Amino acid sequence: MERQPSIDNETIERKKQNRRKWLPLCTYNDKNDAIKKIKDDGIWSKTHTNITNEGKRTYYRCNQVKRRGKQCPASIHVLYHSENECVTIYKTEDDHLHNESRSIGINQQSKEVICELFKMKIKPKRILEILDEKGLPVPKKRQLSSYLISLRKKYYGAPTISLGELEAWCQQNSLIPDDNDKPWVLKYQIEYEDEIDNDDDNDNGDHNDDDDNKNKFRFFVTTKRLLFNASISNKIHIDTTYKLIWQGFPCFIIGTTDMIRQFHPFGFAVCSNEKQNDFEFIFNCLRGGLLNLNLQMNEQELILIADGAEAISNAFLKVFGTDHNVVMCWFHMRKKVEKKLHLVEDKALHDDIMNDIETLQLSTNKNVFDIATILFLKKWKNEENFIQYFSNEWLNSKNGWFEGLATHVPSTNNALEATNRVIKDEDTLRERLVLSRFTVVLFSIVNKWSKERNPTLINSKKFEHQPLITLPIWTDAYNWVKLNKAVISICNGDTTIYYLPAGEETRITDKEIKRYENCRFNSFHTYKSVYFNIWCVCLSNNPEKWKEATCTCPSFMKKFICKHTIGISIRLKYCKPPPEAKNVTIVPIDVITQRLMITHSYSGIRLNDVIRQIYIQSGDGFRGFYKGYLITLGMSLPFNSIVWTLYWKIQSNLEKILPTNFDYIISPLSSTLSVLLTSYLTQPIDVLKTRLQVAFKRETILNTFIILIKQRGFKGLFSGSIARASIIMPNTVIMMSLYEIIKRASIKSNI
0 MERQPSIDNE
10 TIERKKQNRR
20 KWLPLCTYND
30 KNDAIKKIKD
40 DGIWSKTHTN
50 ITNEGKRTYY
60 RCNQVKRRGK
70 QCPASIHVLY
80 HSENECVTIY
90 KTEDDHLHNE
100 SRSIGINQQS
110 KEVICELFKM
120 KIKPKRILEI
130 LDEKGLPVPK
140 KRQLSSYLIS
150 LRKKYYGAPT
160 ISLGELEAWC
170 QQNSLIPDDN
180 DKPWVLKYQI
190 EYEDEIDNDD
200 DNDNGDHNDD
210 DDNKNKFRFF
220 VTTKRLLFNA
230 SISNKIHIDT
240 TYKLIWQGFP
250 CFIIGTTDMI
260 RQFHPFGFAV
270 CSNEKQNDFE
280 FIFNCLRGGL
290 LNLNLQMNEQ
300 ELILIADGAE
310 AISNAFLKVF
320 GTDHNVVMCW
330 FHMRKKVEKK
340 LHLVEDKALH
350 DDIMNDIETL
360 QLSTNKNVFD
370 IATILFLKKW
380 KNEENFIQYF
390 SNEWLNSKNG
400 WFEGLATHVP
410 STNNALEATN
420 RVIKDEDTLR
430 ERLVLSRFTV
440 VLFSIVNKWS
450 KERNPTLINS
460 KKFEHQPLIT
470 LPIWTDAYNW
480 VKLNKAVISI
490 CNGDTTIYYL
500 PAGEETRITD
510 KEIKRYENCR
520 FNSFHTYKSV
530 YFNIWCVCLS
540 NNPEKWKEAT
550 CTCPSFMKKF
560 ICKHTIGISI
570 RLKYCKPPPE
580 AKNVTIVPID
590 VITQRLMITH
600 SYSGIRLNDV
610 IRQIYIQSGD
620 GFRGFYKGYL
630 ITLGMSLPFN
640 SIVWTLYWKI
650 QSNLEKILPT
660 NFDYIISPLS
670 STLSVLLTSY
680 LTQPIDVLKT
690 RLQVAFKRET
700 ILNTFIILIK
710 QRGFKGLFSG
720 SIARASIIMP
730 NTVIMMSLYE
740 IIKRASIKSN
750 I
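The sequence shown runs contiguously to residue 750 in numbering that gives the first Met the number 0.
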């Protein structure tokens, strides 16, 4: 009891010590003058407001230090006197206490350069590069984005839309047209600020709207033909990452993909926001539009492919039910995980972790995925920070990023993003178009989509219900059949399960199959070695349904077709490969010899190692032996044509110039000169062919050309000209000389 007063006294003394002494700085008759003074100082940030007997007091902190951390003792507050309209600014008697001023905003000189570059229509990324090249302070991307927005407002005015004008346009175009390709406004919502009922908004379950009391609009444009594709598909693609922008408002393309992973849009939506309510509107538009056309979507098997935005997935599950799968775009997931690898201090482990995550992504079903993730977490348990992030973000919630979540469903939104990219590249839907022009452009885009899918057109973008089997796939399947691998089959009603050895293995045992089916592994390494050593093909016993077969190999899960499903069908005589797949005109010796020549190990080079490297490590299979096939044909045909044309031209000219007693050197000399000129003219083609054949990863001719130019310039196209001419010249000279000898001998015999 005796100590209680001392505690109170200590508390009172401590409070007194912490109290600041405020000194009046100046008094203003107009509050705007006081506020202007504070803004002009540029070092004060508002913190809080108190109501006192003297009036309202607004407190400001020194913003030259970070908000979170030790604060500067200097601060001010503004007193709005209750008895009159005067305003007094008070300041603490403490001076500023921080090492150096923290730079706020963008440097003035940098601003001037940014302004000039903005007028020249330079992209933000290039602006940052130019500032760095000039040695000026480079702002953060967020700072630059904010400053560019202010410049747009300054030069073009604030983005404003007349809701009345927009509503009138929607009403005029809301009637369903007779033409299948004519766009119309399927549905629209215009909500004016004074008409919005907040209670209704809250009932929708989206409590995060910061703009509940602002004007809102949403509308969806489509055609009959585009909506029809929604009735024959069970997939919905939508994305917020690479969306289009008009007047600062998001534009969304929603659609589906067919069995060749080709994107087919359902329509075009424009909303004032991108919250859950907006996506509910889009999904309800889709459902309602089909009902208006007496069509129906297969909602029981409906799957959403998105970028992980909760607003999209929550809206989808609310409209169509919670028992649907939501596929998380693997491309976006991978990029986000790579950015978090810094949580693993040992950089040498980064590649191993990503390889294991890529292995997880190839899980064939939910059960396998769950087992594999447990083993993955066990393997990397020492990396606590990364594992905690990975579990919370990609296992507990957004876990629909593995291939086996659904069959014949893409694991990425690349097809949709490619459509967005085309619109951006064509630069037709510009960000600041006025409403009258925007609506014309929008209808033109939707009309073009619809007409492209008219089945009466020759090059129509048809909705493909079966995967496309190209000649390289037929060739791979035929060559796989010729390997004559041992296959174990188990009949299961109307279907048969076929177990195939993967890689170079030629047979598998019943014990291995049992272990594969039971999924009992004691480590992640064992899981990888066992589960990816066997492929499982499920094929209908009806020969007419052989294209509906499924396989657990990565190629099938990515492309919905593989050499195993076709190969088994060929062995069962359900189908026949085209003759071109059996009779490939190029022999892969050239590819093997080129790879042997660039092998860095000069001792102990084995032919089997090179063949295994081309077939397995490159991931191309038999196609790896035919790299550069087309470009080889493209080189051989012009080479022979040019060399013989030059040969005859040079020979005829030499016969006129040289005396008759030099006839014996005319043919060798003509062939030598023609070969030298032709080899030089066709050298760029040979350089590209060689680069294609020695590359460890498959590249296109265009990409190979671009890489070569970047690395060596145009002179790189003629590298090795002398060596190539030295190789070609003896063979060709001998061949042409023999040709002349035989020709002259035959002429003499005829005489």
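Where a beta carbon is used, it is the ideal one built from N, C-alpha and C, also for glycine.
Values in this document were obtained by computation on a predicted structure and should not be read as measured data.
Throw me the rounded Cβ distance for the residue i and residue j pair, which I believe falls under 8 angstroms.
i	j	result
residue 683	residue 645	Contact doesn't hold; Cβ gap of about 18 angstroms is too wide.
residue 255	residue 265	7 angstroms
residue 282	residue 318	4 angstroms
residue 44	residue 59	6 angstroms
residue 374	residue 386	Residue 374 to residue 386, Cβ: 13 angstroms. No contact.
residue 549	residue 537	5 angstroms
residue 498	residue 535	6 angstroms
residue 269	residue 245	6 angstroms
residue 346	residue 522	So it is not a contact: roughly 24 angstroms between Cβ atoms.
residue 650	residue 678	At roughly 18 angstroms, the Cβ-Cβ gap does not stay under 8 angstroms, so residue 650 and residue 678 are not in contact.
residue 413	residue 330	6 angstroms
Tell whether a beta-carbon distance below 8 angstroms holds between residue i and residue j.
i	j	result
residue 182	residue 462	no
residue 186	residue 287	yes
residue 403	residue 367	yes
residue 515	residue 533	yes
residue 459	residue 180	no
residue 63	residue 88	no
residue 292	residue 223	yes
residue 495	residue 453	no
residue 143	residue 230	no
residue 302	residue 408	yes
residue 484	residue 500	yes
residue 85	residue 48	no
residue 168	residue 438	yes
residue 556	residue 361	yes
Buried or exposed, going by whether 16 or more other CB atoms sit within 10 Å of the CB of residue i?
i	result
residue 598	In this predicted model, residue 598 has a pLDDT of only 45, less than 50, meaning its place in the structure is not dependable enough to derive any value.
residue 416	buried
residue 232	buried
residue 466	buried
residue 734	exposed
residue 206	Below a pLDDT of 50, predicted positions are generally treated as unreliable, and residue 206, at 44, falls in that range; the measurement from the model is reported next regardless. Its Cβ having fewer than 16 others within 10 Å, residue 206 is exposed.
residue 410	buried
residue 713	exposed
residue 279	buried
residue 419	buried
residue 602	Confidence at residue 602 is low in this model, with a pLDDT of 43, below 50, so its placement is unreliable and no value can be given for it.
residue 600	Residue confidence for residue 600 is low, a pLDDT of 42 falling below 50, so the modelled location carries little weight; the figure read from the coordinates is stated next. Residue 600 should be labelled exposed.
residue 46	exposed
residue 479	buried
residue 274	buried
residue 146	buried
In this structure, does DSSP put residue i in helix, strand or coil?
i	result
residue 736	helix
residue 480	helix
residue 18	coil
residue 285	helix
residue 172	coil
residue 445	helix
residue 114	helix
residue 301	coil
residue 109	helix
residue 400	coil
residue 410	coil
residue 97	coil
residue 670	helix
residue 217	strand
residue 464	coil
residue 275	helix
residue 363	coil
residue 44	strand
residue 92	coil
Answer with yes or no whether the minimum CB distance from residue i to chain B is below 8 angstroms.
i	result
residue 678	Structure shown: chain B not included; a single protein chain is present.
**OP:** Determine, using beta-carbon pairs with one atom in the segment 124 to 142 and one in the segment 103 to 110, whether at least three such pairs fall under 8 angstroms.
**Re:** Segment contact: the segment 124 to 142 against the segment 103 to 110, three or more CB-CB distances shorter than 8 angstroms; contact assigned.
Original post:
Three or more C-beta pairs closer than 8 angstroms, one from the segment 304 to 313 and one from the segment 224 to 238: is that the case here?
Top reply: With contact defined as three or more Cβ pairs closer than 8 angstroms, the segment 304 to 313 and the segment 224 to 238 are in contact.
**OP:** For the segment 55 to 70 and the segment 116 to 135, state whether three or more C-beta atom pairs, one from each stretch, are separated by less than 8 angstroms.
**Re:** With a cut-off of 8 angstroms, the segment 116 to 135 and the segment 55 to 70 do not count as touching, because too few Cβ pairs lie within range.
Subject >> Inter-stretch contact (C-beta, 8 angstroms, three-pair minimum) for the segment 564 to 580 and the segment 465 to 477 >> reply: Three or more beta-carbon pairs drawn from the segment 564 to 580 and the segment 465 to 477 are found closer than 8 angstroms, and the two stretches are therefore classed as touching.
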